[in-house]
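K.L.:
Residue numbers (UniProt numbering): 1 to 443. From the three backbone atoms N, C-alpha and C, an ideal C-beta is built for every residue, glycine too. What you are looking at is a predicted structure, and each value in this text was computed from that prediction instead of being measured. One structure, pasted below without further comment.
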């Protein structure tokens, strides 16, 4: 059952020889009770994105022709991401360190000049969504999954890139799980935006990936209503194979950091707990953390928590113990991003594990965004031989990532699966990944 994990997905890459097992850090630490604002998590059912399925661009093009009676102009792909370090630091103007996944959203598109968009999804056959592009407004948004597509049209037009009569026929397919904290929404936005930009000849966007990320983020923030930072869209658009992206979320400056797991005989194991999370709920835990960070920055008299220089002095100024925890996490997490980047540049990938686990403990105890399933995944993976592990993404569900010696992969996977079964949790989805290429045209 676990043989497929020995050769993790990355198009065009071959796994290298395994190394011996390595000692694991101990993630055990006293637990603190959650803040109490987390809704009861909802388990997701296994869907067509799971298992070994990888979307074939030729199949997407053929399906487009079947549905629309014409060939698409092209097929584009934007990947999901895992954040290796820097959780909830992006909207605090901090630093982040994501990598692109081999899985994502694939878009076949044909441009039109009739001012309408017809959008279909392979995951929802028989449910086309049609809208007039010039009439889009956040006050009356297109609902559901197609709202992300509509948001891209709206944001590109508002930024002055897309003419009012620009339309498209679009077919989407995905091998990325939805609600797993792997940025499926950002992958959708970036795939559609890249396809639109190239199909309609939007020269102001096609050569400027940071500008594209800003447009895609505005679609998510202002149209969909999710208060995210720039991390997800930047990772999907700007990452490169065998590298992580070191991104300054204030300046937008980014650089590729070597992260050659193959050469180190390591694997990044993605543990999807199947507890669905969402960022677009304006009353949920993610929005609450965003608000708490904003209030803390205001109380400290800084533009953003990134600007806190003396952590202990800042904590002493805060009267609210909840804000103390939030500030402690954000400031120390930014330091952990720098530490992780330093280890990567030094080629000491095995030493990243301790930083991973320290980050998870901070998210569990200080930022209070973990779940019992995420905690179990992290603790079990480390105990079974992972160098380190942490939850990734916005929290309150989704996925954990574990840095695992290739030779220990089956052992860790079996241990996590058995631990979930023993707790009567929904069985997790386990896949190993190597750092992959960002958004691109496939054909």
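Rounding to the nearest angstrom, what Cα-Cα distance links residue 427 and residue 158 in this structure?
P.N.:
Distance between the alpha carbons of residue 427 and residue 158: 43 angstroms.
K.L.:
Assuming residue 79 is part of the beta strand (DSSP E), what are its boundary residues?
P.N.:
Per DSSP, residue 79 belongs to the beta strand (DSSP E) from 74-85.
K.L.:
Considering residue 343, what are the terminal residues of the alpha helix (DSSP H) in which it resides?
P.N.:
321-345 is the extent of the alpha helix (DSSP H) around residue 343.
K.L.:
State the Cα-Cα distance for the pair residue 432 and residue 291, rounded to the nearest angstrom.
P.N.:
Residue 432 and residue 291: Cα-Cα distance of roughly 34 angstroms.
K.L.:
Output the distance between the C-alpha atoms of residue 201 and residue 231, rounded to the nearest integer angstrom.
P.N.:
When rounded, the distance between both Cα atoms is 26 angstroms.
K.L.:
Please state whether the Cβ-Cβ distance between residue 235 and residue 340 is less than 8 angstroms.
P.N.:
Not in contact: residue 235 and residue 340 (Cβ atoms no closer than 8 angstroms).
K.L.:
Following the continuous alpha helix (DSSP H) through residue 68, name the residue where it begins and the one where it ends.
P.N.:
Where residue 68 is concerned, the enclosing alpha helix (DSSP H) stretches over 57-68.
K.L.:
Who pairs with residue 289 in a beta bridge, going by DSSP?
P.N.:
Residue 289 pairs with nothing; no bridge assigned.
K.L.:
Round the Cβ separation of residue 82 and residue 266 to the nearest angstrom and send it over; I've been treating them as touching at under 8 angstroms.
P.N.:
About 14 angstroms separates the two Cβ atoms, so there is no contact after all.
K.L.:
Quick test of your reading: residue 105 and residue 172, contact by CB under 8 angstroms. State the CB separation rounded to the nearest angstrom.
P.N.:
Residue 105 to residue 172, Cβ: 6 angstroms. Contact.
K.L.:
Between 143, 311, 137, 309, which lies nearest to residue 119 when the distance is taken from Cα to Cα?
P.N.:
If we check each option's Cα against that of residue 119, 143 comes out closest.
K.L.:
Exposed or buried, which one is residue 93 when buried takes at least 16 other CB atoms within 10 Å?
P.N.:
Buried: at least 16 other Cβ atoms inside 10 Å.
K.L.:
For residue 379, tell me which candidate among 212, 270, 256, 357 has the shortest Cα-Cα distance.
P.N.:
Of the candidates 212, 270, 256, 357, the one whose C-alpha sits nearest the C-alpha of residue 379 is 357.
K.L.:
For a test of the three-state rule: what should DSSP assign to residue 151, helix, strand or coil?
P.N.:
Helix, per DSSP.
K.L.:
Which of helix, strand or coil does DSSP assign to residue 23?
P.N.:
In this prediction, residue 23 has a pLDDT of 35, which is less than 50 and means its spatial position is unreliable; nothing more can be read from the coordinates.
K.L.:
Could you name each continuous beta strand (DSSP E) segment of 3 residues or more that falls completely within the segment 102-154, going from the start of the chain to the end?
P.N.:
As far as the segment 102-154 is concerned, its whole beta strand (DSSP E) runs of at least 3 residues are 116-121, 129-132.
K.L.:
With DSSP as the reference, label residue 353 as helix, strand or coil.
P.N.:
DSSP places residue 353 in helix when its eight states are reduced to three.
K.L.:
What is the rounded straight-line gap between the Cα of residue 123 and the Cα of residue 54?
P.N.:
Their backbone Cα atoms lie some 13 angstroms apart in a straight line.
K.L.:
Relative to the C-alpha of residue 444, which residue among 325, 418, 130 is closest?
P.N.:
No answer is possible for residue 444: the residues shown for the chain start at 1 and end at 443.
K.L.:
Hey, could you find the ends of the alpha helix (DSSP H) residue 376 is sitting in?
P.N.:
Run containing residue 376: 372-383, per the alpha helix (DSSP H) assignment.
K.L.:
Using the Cα positions of residue 102 and residue 438, report the straight-line distance between them to the nearest angstrom.
P.N.:
Near 9 angstroms, if we compare the C-alpha coordinates of residue 438 and residue 102.
K.L.:
Distance check for residue 243 and residue 255, CA to CA, integer angstroms please.
P.N.:
In a straight line, the C-alpha of residue 255 is about 9 angstroms away from that of residue 243.
K.L.:
As an exercise, report each continuous alpha helix (DSSP H) stretch of at least 4 residues that is fully enclosed by the segment 210-295, in chain order.
P.N.:
Counting only runs of 4 or more, we get 231-238.
K.L.:
Residue 147 and residue 133: beta carbons closer than 8 angstroms?
P.N.:
No. Outside cutoff.
K.L.:
Count the CB pairs spanning the segment 60-74 and the segment 181-189 that are closer than 8 angstroms, and state whether there are at least three.
P.N.:
Segments in contact, no.
K.L.:
Report, in whole angstroms, the separation of the C-beta atoms of residue 370 and residue 329, which I expect to be a contact under 8 angstroms.
P.N.:
Between residue 329 and residue 370 the Cβ distance is about 12 angstroms, and since that is not below 8 angstroms, they are no contact.
K.L.:
What did DSSP end up calling residue 184 once you bin it into helix, strand or coil?
P.N.:
Residue state, collapsed to three classes: helix.
K.L.:
Under the three-state reduction of DSSP, which class applies to residue 468: helix, strand or coil?
P.N.:
The shown model of the chain, from 1 to 443, leaves out residue 468, and the question about it has no answer.
K.L.:
Go through its chain and collect everything with a Cβ distance to residue 335's Cβ below 8 angstroms, but skip five positions before and after it.
P.N.:
None.
K.L.:
According to DSSP, is residue 173 helix, strand or coil?
P.N.:
It is a strand residue.
K.L.:
Tell me the rounded alpha-carbon separation between residue 377 and residue 293.
P.N.:
Looking at the two C-alpha atoms, the distance is approximately 27 angstroms.
K.L.:
In the DSSP assignment, what residue or residues form a beta bridge with residue 96?
P.N.:
Bridge partners of residue 96: 247.
K.L.:
Is the beta carbon of residue 411 less than 8 angstroms from the beta carbon of residue 388?
P.N.:
In this structure, residue 388 does not lie closer than 8 angstroms to residue 411 by Cβ.
K.L.:
Can you tell me whether residue 229 is buried or exposed, with buried defined as 16 or more other CB within 10 angstroms of its CB?
P.N.:
It counts as buried.
K.L.:
Among 399, 343, 323, which one has its Cα closest to the Cα of residue 360?
P.N.:
Taking only the C-alpha atoms, the option nearest residue 360 is 399.
K.L.:
Quick check: the Cα distance between residue 128 and residue 161, rounded to an integer number of angstroms?
P.N.:
Rounded to whole angstroms, residue 128 to residue 161 spans 26 angstroms at the Cα level.
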